[in-house]
Each structure stands twice: as structure tokens, then as C-alpha cells.
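The numbers in the working numbering rise by one with no breaks, and the one at position 30 of the sequence shown is 1005.
The next block holds one structure in the form of C-alpha cells; read it before the comments.
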Amino acid sequence: MKIAVVGLSHHTAPIAIREQLAQHMREVPERLADFRSMDEVQEVCIVSTCNRLEVYVAGAGDVTYLARRVRAHLRSISGLASAELDPHLYEHVGVAALQHLFRVASSLDSMVLGEPQILGQIKDAFRVAVDETSIGPHLLRSFERAFMVAKRVRTETGIGENAISMSFAAVELGRQIFDSLVDKKVLLVGAGKMSTLAARHLMAHGVSEVRVASRSLATAQRLASEIGGLASSLTDLPMLLGSADIVICSTAAPHHIIDKKMMARVLRERRYRSILLVDMAVPRDVDPKVTELDNVFVYDVDDLQTVLDDNRATRAREAKAAEDLIEQEVGAFERWHKSQQVVPVIKALRQFALEIALKESERTLANVPSPDKKTIQTVRAMGQAIVNKLLHPALANLKAEGARGDPEVLADALVRLFELDLSRGEQDTEEGRPEANTGEANPVVESPPEPTASQRMAPQRTASEPRLRPALGAQPADPGASTEAALDEDSLAPRDEGDLNVVPFRRRDSSSSF
976 MKIAVVGLSH HTAPIAIREQ LAQHMREVPE RLADFRSMDE VQEVCIVSTC
1026 NRLEVYVAGA GDVTYLARRV RAHLRSISGL ASAELDPHLY EHVGVAALQH
1076 LFRVASSLDS MVLGEPQILG QIKDAFRVAV DETSIGPHLL RSFERAFMVA
1126 KRVRTETGIG ENAISMSFAA VELGRQIFDS LVDKKVLLVG AGKMSTLAAR
1176 HLMAHGVSEV RVASRSLATA QRLASEIGGL ASSLTDLPML LGSADIVICS
1226 TAAPHHIIDK KMMARVLRER RYRSILLVDM AVPRDVDPKV TELDNVFVYD
1276 VDDLQTVLDD NRATRAREAK AAEDLIEQEV GAFERWHKSQ QVVPVIKALR
1326 QFALEIALKE SERTLANVPS PDKKTIQTVR AMGQAIVNKL LHPALANLKA
1376 EGARGDPEVL ADALVRLFEL DLSRGEQDTE EGRPEANTGE ANPVVESPPE
1426 PTASQRMAPQ RTASEPRLRP ALGAQPADPG ASTEAALDED SLAPRDEGDL
1476 NVVPFRRRDS SSSF
């Protein structure tokens, strides 16, 4: 499986390291282009959140080599020495990378076990990669499957019940510090999703006012109207801090916007009344030195972990069921992927045999004086039936070897024995680039393909003629149908298009090579 992931998260790196790397990964389209320019990297997707930064890559070469290249590039752009960054990085290749993606999308690797935000963040990252033409067949199949698995985990286990998130943790902190949130004033610094969720939770607990401050007053007004709050410009921040009880920061600023000097002046003006600063931004919006001041309670995303411990305990039981489900899905995907390795050989072998059958059938019919329609149908059907029966054992065994992951010996033997041209078996398996489209898929108008050997052998009928019912036990006339039946792809990798909810893609040949 030609995929790998290299990254770091709240499990492996403190916030200081995460924000150092996040600062250099802010321009995702540029970074996607950087990684694609590396040797043998053909596909890339960057997942960047407050708690993790991961680079998923795929290519034709050795995936372990790809992972090493990504690791080296992360060191280069972060400005951190190997000794500083490498201990915090993890990497997974092949099946392990797929399993990691499934776990992350299903929130089993999140700071808040079972939180729903991570799936939306991964979908957003995937859309960006699609728009930047950074997604190919390997990552496309993997991410599509991850979205479906995440939905199964949420609907078939209780891991998302009584869901909480960092925004809920902010509410719990407020209740611990102020006992009651009734009549408290809330200031949102930045219009991020997490701070918006926190504001909604706080309003449900009786706060008297929510004010949104943003660099753009229009942005602040838009969010304020959504949540029933007030809007202000970020230039008034010192004054706004003077009247707020709870401040939630989630800007995308590359530097601290609240420092010790500012906060000391604010405290004097508010007569040292207690204030809670919840910093959800990475890099941090609040200078860590602010914690040195009395009556200022500062919590960053790492500090929120302690608030969430109880939640982890209650959800741990459901996590086991989710892990079992993911293990099953990884196994099913791996079996399907292995089976795809033999698709070109199967197609080439069938095409080879059908062309011989067609040629010999036509030669036989040429020696029959004025053959009627029934005779033509009978001769052609006999040729195709012989092909199906002769090839069935070989195709069944090849499919079984593919599912076990050891198809090379048998596949190579068939190629040599029949002198197969695999390029002909692969021409129908070429993957198209997914279309970045949030609406209905654009219809694709294509010229009709040339008829295959089996289609030329199949008896033709006019629109007025009734469709002939095949004899009991007859083989299907379309070799594509026989190939699909032999591969049994649907049983190996069932697909539910309704589960993806990402972007519509141009439909590809379902037997395409992965």
C-alpha cells in the first residue's frame, strides 16, 4: 500500500513545538506544492489543527523512503534541529498509515475522545488538497474510506454520546473559577469555530453578554449576528479586556496579541477582578508570562487536557468497540487493495482469450453458407462459453492469491505462458483526478468507446426485438461482468456513496487498479 504519514500531535509534542511547526505550515497550498516537488511524491494531503500536524503522502516508490523525505523536509521548514524535532515526530507506512488515518478521522486519537470536529477538519484538508490537484488514486481511496469508517464508528458505537470538546471544557473552567456563569461577560478574540462553539455553550449557561472582537469589524459583526452577540474591532482589545470575565482566544495571529504588560495595565483598571483567559490558538494568542500575574487564570490547549480526563474515562469502554470496527475495516480494505493488483492480468487474459474466440467463431461462420441469426448467436455464444469455462479456474486462483497478497508468482506465470500485453489490461483502470466541486458533479460527455471483443461477439438486436433470456447456467455475455464477479470487489470493499459527504468525483471504473 503506497501511502505514508509523518506528523506530530498533542500525544507526542508540547504546544511550543507544535506552534513552531504550525507557523511554517500556514500557507497550505504552497506547502502542498513543496511536497509534490520532492522526488517520487505524487500525492499529498496536509492535516493541520490545534492538536496535530500530519502530512500524508503517496507515490510509486518505496513508502519508507517517502516518509524519510517528508521528515527531512519538516525539519528544514521548521527551523528546528533534528534533536529538537525528531523525538516528537511519528511516521506510519502502508497499512499502519491507513489504520492511523481511520483512527484520527474517527476521533480515537483526539484529545477529546469521540469529539466530532476532527472529521470536519480532515474533510476540509482533503478539499484543499483536491483543489490543489494533490490527490491521486491512493489518497483518494484511503480518505474516502476513512470518512465512511468515521461515520460507522459514530453511529455504531457510543463513543460520541454526551459529546464534549475543548469548547465544552472552556465552560467547565468558567464554572470552576466563578461558581456560576450567570451574568458573566464573555469576550471572543477571533472568530474561530472552537471559540464560536464555546460561546454557544456559555450562552446556554446564562452569561449576560458575548462580544466578538476581530481584526475585521465585518467578520465580527457577522459572527455576532449568528450568536446574538455584540461586535467590536480588535484595536479596542485593552478596553474590552477591562470589562470581560471570560476571554476565549482563537485567532490565526503568528504572534501573541495579549502580553504581560497589556494585561497588567488591564488588571489595574479592573481593580484586580478575576479574569479567565482560555487560549485555543496555535500559535498561542496569550503570552505565557501572563500567568505570572495574580487573579489571571490562563489555560492553553494543553491545559484543557486535565478538564477532559473524566470524559476519557467514560468513553474508554466504547473506544474498544470502535477499535475493533476499525481493525475490521482495515482488513477489508487491505484485502480489496491486494485483489486489485491482479486486475490488469485478469483483463488482459480475458481479452486475449475472447479475441481468439471471436476470430475462430467468425472463421467458422464464414464456412457456413448463409447462416441464419440463430446459428450466428449459437456459434458466438459457444465461443464465449468455452472461454469462460477454460479461464474460470485460473481467474479464481489468481483472485484468491491476490486476496492473500501473494499473486506475483501466478500472475507472472500467466503473463509469460500467454504472452499477455498488460498495457491493454490496464487501459481501463486509469484513474482520473477527482473534481473539487461542492455541488452536483458536472456531467462528463465522452465519445462511445470502441466495442470490446465480447461486445462484438454478442448477438445484436434491434429496438423492436425482445431481449433474449439467457439459458439457465449460461455465462454473462459481458466479460467485464465476469471479471467483476471473479474479483468480488463489492464484498471486499463495500461502498456507500452517502457516507462520504465530501466532494463529488467523476465516477471511475470500479475495477480500477489502486
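Just so you know, even glycine gets a beta-carbon here, dropped at the ideal spot from N, CA and C.
Since this is a predicted model, take the numbers as computed values, not measurements.
- Per the Cβ contact rule, the segment 1068 to 1082 is not in contact with the segment 990 to 1007 (fewer than 3 Cβ pairs under 8 Å).
- Straight through space, the alpha carbons of K1235 and R1243 are spaced by roughly 12 Å.
- Closest by C-alpha distance to R1292, out of V1038, V1103, Y1040 and G1133, is G1133.
- Between R1027 and S1082, the gap from beta carbon to beta carbon reaches 7 Å or more.
- Judged by their CB atoms, S1155 and I1223 are not nearer to each other than the 7 Å cut-off.
- Selection G1306, V981 and L1177 evaluated against R1150 yields L1177 as nearest (Cα-Cα).
- When C-alpha distances from H1180 are compared across K1168, V1164 and L1148, the shortest belongs to L1148.
- Contact annotation: the segment 1060 to 1075 does not touch the segment 1094 to 1108, with fewer than three C-beta pairs closer than 8 Å.
- Nearest to K1374 by alpha-carbon distance, out of S1023, R1325 and Q1316, is Q1316.
- For A1188, the secondary structure class from DSSP, reduced to helix, strand or coil, is strand.
- Our two residues, E1005 and L1216, have alpha carbons roughly 36 Å apart in a direct line.
- Between P1258 and E994, the CB-CB gap stays under 7 Å.
- Note: E1066 is bridge-paired with V981 in the DSSP secondary-structure output.
- Counting along the chain, the unbroken beta strand (DSSP E) around I1221 starts and ends at I1221 to C1224.
- In this structure L1163 does not touch A1145 by the C-beta definition: roughly 11 Å separates them, more than the 8 Å allowed.
- Residue pairing by DSSP places I1021 opposite V1030 in a beta bridge.
- When C-alpha distances from K1295 are compared across E1394, E1184 and E1131, the shortest belongs to E1131.
- Among the bridge pairs identified by DSSP, D1254 is matched with C1224.
- The three-state reading of DSSP puts K1160 in strand, counting E and B together.
- Note on H1231: 16 or more other CB atoms within 10 angstroms of its CB, so buried under the neighbour-count rule.
- Scanning the segment 1277 to 1320 for uninterrupted alpha helix (DSSP H) segments of 4 residues or longer gives 1279 to 1282 and 1284 to 1315, listed from N- to C-terminal end.
- The Cβ atoms of V1157 and I1221 do not sit closer than 7 Å to each other.
- About 52 Å separates the beta carbons of M1214 and L1073, which is beyond the 8 Å limit, so they are not a contact pair.
- Note on geometry: alpha-carbon atoms of S1207 and Q1017 lie some 45 Å from one another.
- By the 16-neighbour rule on beta-carbons within 10 angstroms, R1186 is buried.
- For A1388, there are no CB contacts under 8 Å within the same chain when 5 residues up- and downstream are skipped.
- Relative to L1251, the option among D1260, K1264, V1241 and N1270 whose CA is nearest is N1270.
- In this structure, DSSP gives Y1040 a helical state, which the three-state scheme calls helix.
- Listed in chain order, the non-local C-beta contacts of S1142 below 7 Å within the same chain comprise M1169, L1172, A1173 and H1176, local neighbours out to five positions each way being set aside.
- Residue state for S1057 is assigned as helix, using DSSP reduced to three classes.
- Under the DSSP assignment, A988 falls outside any alpha helix (DSSP H); it carries neither an H nor an E label.
- Ranked by Cα distance from V1070, the first of H1113, A1056, P1346 and S1336 is H1113.
- Across the set E1066, I1233 and A1256, the C-alpha of I1233 shows the shortest separation from the C-alpha of V1265.
- Remark: C-beta atoms of A979 and L1049 do not approach each other more closely than 7 Å.
- For A1307, the closest alpha carbon among the candidates A1121, A1056 and C1025 is that of A1121.
- Here S1208 is bridged, per DSSP, to S1189.
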